[in-house]
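The structure appears right after this line, and notes come after that.
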Amino acid sequence: MKAAEFGRKLKNAFCDTPGEVIPTGYVGVLDGIRFLAILTVAHFHIWQQSWWTWNFPAPKWLKALGIEIISFEWLQRYGSFFVDMMILLTGFCLFLPYARYMIEGGDRRPGLPDRYEVRNFYIKRIARIVPSYYFCTLVYLIFIIYPQKNYANFGALFKDEQLLKQLFANLTFTQNLTAETYLSTPFNGALWTVAVEVQFYLIFPILAYFFRKKPMLTYFGMVGLSYYYVIKKVLPLDDGGFRWHFNQMPALLCVFANGMLGALLFVSVANNLKRSRFTGACFTLLAFGAFLAVRFILRTGPRGVDQTHWQLKSRFILSIFYVLICIGIAFSVKWVRKIFDNKVMHFLAGISYNLYIWHQVIAVKLKEHKIPYWEGEQLPNIADNRPWMHKYTVIVAIAAFAAAIAVTYLIEKPCAKLINKLTNIRRKEY
599 MKAAEFGRKL
609 KNAFCDTPGE
619 VIPTGYVGVL
629 DGIRFLAILT
639 VAHFHIWQQS
649 WWTWNFPAPK
659 WLKALGIEII
669 SFEWLQRYGS
679 FFVDMMILLT
689 GFCLFLPYAR
699 YMIEGGDRRP
709 GLPDRYEVRN
719 FYIKRIARIV
729 PSYYFCTLVY
739 LIFIIYPQKN
749 YANFGALFKD
759 EQLLKQLFAN
769 LTFTQNLTAE
779 TYLSTPFNGA
789 LWTVAVEVQF
799 YLIFPILAYF
809 FRKKPMLTYF
819 GMVGLSYYYV
829 IKKVLPLDDG
839 GFRWHFNQMP
849 ALLCVFANGM
859 LGALLFVSVA
869 NNLKRSRFTG
879 ACFTLLAFGA
889 FLAVRFILRT
899 GPRGVDQTHW
909 QLKSRFILSI
919 FYVLICIGIA
929 FSVKWVRKIF
939 DNKVMHFLAG
949 ISYNLYIWHQ
959 VIAVKLKEHK
969 IPYWEGEQLP
979 NIADNRPWMH
989 KYTVIVAIAA
999 FAAAIAVTYL
1009 IEKPCAKLIN
1019 KLTNIRRKEY
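If you read the sequence shown in our numbering, its first letter stands for residue 599, the second for the next number, and so on.
The structure is reproduced here in structure tokens:
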């Protein structure tokens, strides 16, 4: 009897109930996807410092198929490309309430023309983004920039016109709008992504309004504008100008557009399908096939100087496969969804914003201070010091996760709670 009960519980945990309605209010698997995307970007930055490439001998059954080595070099080398997955998820999640209203209806219409809803949207974005971002800026100012510049006193910081210009750009999320404040910033360089997302937030209510009215026209308008900017403004530039314009918000507008369209497709499919073994298997294969397509594209990409040009040209098609991965996993078989949608992944997704903010500076500063220690003047990654590579990667990972947890629970969440309380905002679906 106990064995039968255990078997029933196991089946319920990992197998779908045929005919089950697919919820659209909260897409839990996106938490896992977001965390893994950020983890991939973080590992790319750590790999830049360590040079520890993950190549492992294949097990016997794979060797029988002619596969000698399991290599993750493609994922490490092109890990920065998954910033676009983060951007896409922003578009997906922000537009999801609008997509639900379009397909399912409801009493509460999100966004314009309801100014109260727009106000709530911006306050929630501020509560989520600003506290950790400003805290990072403050830490940089006091503990990194001030000691490096050798100012006579702390007040001298605010007499440095160049620093004030950089600080103003950083505090207003405009550091990526000029070459000086983007390419030569003394602050956390990884924050350019946050600046791009904040700039998108500013125009999102308007875009969402038109996307709701004319979805395909707005979609192709966003993609067309993005391509026009890339072809006319970015590709003709020399290396310095290219690196400045490469990650401007207009260049990423096509990725945001695919995220918004992905939300609409998700809600539409969810309202026309119910859970079943067949549909679960089909969407699992879709997600796996899209992942293999991403792997193939990245493995065949160039290295060195041409990599960023190629990334810009392949950004749109890669983001389409990212959408297919997200939708495929959302409708996949239950045990696959459990990998991405569980308590551990929800926790990791909750700290992932601060993991993204802090991982790179921790990696760089630990190496600057010879942690872990190495003998000699030659850098250990150049000397192919394998034990150091392994220790360094583990230490950076532990420190980055510790910092992410601390900042999330000591800074971000208390500040967000205070902001929402002061503005009388209750947490909803956005």
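Glycine is no exception: its CB is placed at the ideal position from the N, C-alpha and C atoms.
Exposed or buried, which one is LYS965 when buried takes at least 16 other CB atoms within 10 Å?
-> buried
First and last residue of the uninterrupted beta strand (DSSP E) at SER669 = 667-669
Report all residues from its chain with a CB closer than 8 Å to the CB of ARG810; omit the five preceding and five following residues, and keep chain order.
-> Close CB contacts of ARG810 within its chain, under the 8 Å cut and outside five residues either way in sequence, are with TYR696, TYR699, MET700 and GLY709 (chain order).
Confirm, please, whether the CB-CB distance from VAL1005 to ASN952 is below 7 Å.
-> yes
Mind checking whether VAL716 and PRO813 have CB atoms under 7 Å apart?
-> no
Give the range of the beta strand (DSSP E) segment to which ASN653 is assigned.
-> 653-655
Look up VAL619 in the DSSP assignment and say whether it is helix, strand or coil.
-> Here VAL619 sits in strand by DSSP.
Short Cβ contact (7 Å threshold) for VAL959 with ASN845 | no
My understanding is that ILE927 touches ARG935, with C-beta atoms under 8 Å, so please give their C-beta distance in whole angstroms.
-> 7 Å
What number of angstroms, rounded off, separates the C-alpha of ASN983 from the C-alpha of ASP614?
-> 49 Å
Determine, using beta carbons only, whether TYR954 comes closer than 7 Å to chain B.
-> Among the chains in the structure shown there is no chain B, since it carries only a single protein chain.
Could you name the residues that DSSP lists as bridge partners for LYS872?
-> Its beta-bridge partners are VAL619.
Cβ separation of TRP649 and MET987, assumed to be a contact under 8 Å, to the nearest whole Å | 7 Å
Own chain partners of LEU835 with C-beta closer than 7 Å, once the 5 adjacent residues on each side are dropped = HIS843
Is it a yes or a no for the stretch 916-924 touching the stretch 682-693, going by three-plus beta-carbon pairs under 8 Å?
-> yes
Counting only runs of 4+ residues fully inside the stretch 660-704, write out the alpha helix (DSSP H) ranges in chain order.
-> 671-675 and 681-702
THR898 in three-state terms, based on DSSP | coil
Under a three-way DSSP split, which group does SER930 fall into?
-> DSSP places SER930 in coil when its eight states are reduced to three.
Span of the alpha helix (DSSP H), counted from its first residue to its last, around GLN647 | 627-648
Sequence-distant residues of the same chain with beta carbon closer than 6 Å to GLY626, five excluded per side = ASP939
Less than 6 Å between the CB of LYS932 and some heavy atom of the ligand SAM, yes or no?
-> In the structure shown, the ligand SAM is absent, as is every other ligand, since no ligand is present at all.
Range covered by the alpha helix (DSSP H) that runs through PRO834 = Unbroken run through PRO834: none, as it is neither H nor E.
Assuming ALA788 contacts TYR954 under a Cβ cut-off of 8 Å, what Cβ separation, rounded to an integer in Å, is found between them?
-> 7 Å
Return helix, strand or coil for ASN1021, following the three-state DSSP convention.
-> Per the sequence shown, residue 1021 should be read as Thr rather than Asn. Looking at THR1021 - three-state DSSP - the assignment turns out to be coil, as it is neither helix nor strand.
Which residues in the same chain as TRP956 place their Cβ atom closer than 8 Å to its Cβ, once the five residues preceding and following it in sequence are excluded?
-> Scanning its chain for C-beta atoms nearer than 8 Å, with the 5 sequence neighbours on each side dropped, one finds around TRP956 the residues CYS734, ALA998, ALA1001, ALA1002 and VAL1005, in chain order.
Can you tell me which of PHE752, ILE1017, VAL962 and CYS1013 puts its alpha carbon nearest to the alpha carbon of PHE642?
-> VAL962
Is it a yes or a no for the stretch 813-831 touching the stretch 852-861, going by three-plus beta-carbon pairs under 8 Å?
-> yes
Host alpha helix (DSSP H) of GLN760 (start-end) | 759-769
Is the CB-CB distance between SER1030 and PHE633 below 7 Å?
-> Past the edges of the chain, shown from 599 to 1028, lies residue 1030, and the structure says nothing about it.
Nonlocal neighbours in the same chain, by C-beta distance under 8 Å from SER912, ignoring five residues either side | Excluding sequence positions up to five before and after SER912, its CB lies within less than 8 Å of the CB of ILE895 and GLY899, all in the same chain and listed in chain order.
Does DSSP put LYS1015 in a helix, in a strand, or in coil?
-> helix
Going by CA-CA distance only, name the one from GLN909, PHE808, GLY948 and ALA981 that's closest to VAL681.
-> GLN909
Cα separation between ASN768 and ILE969?
-> 29 Å
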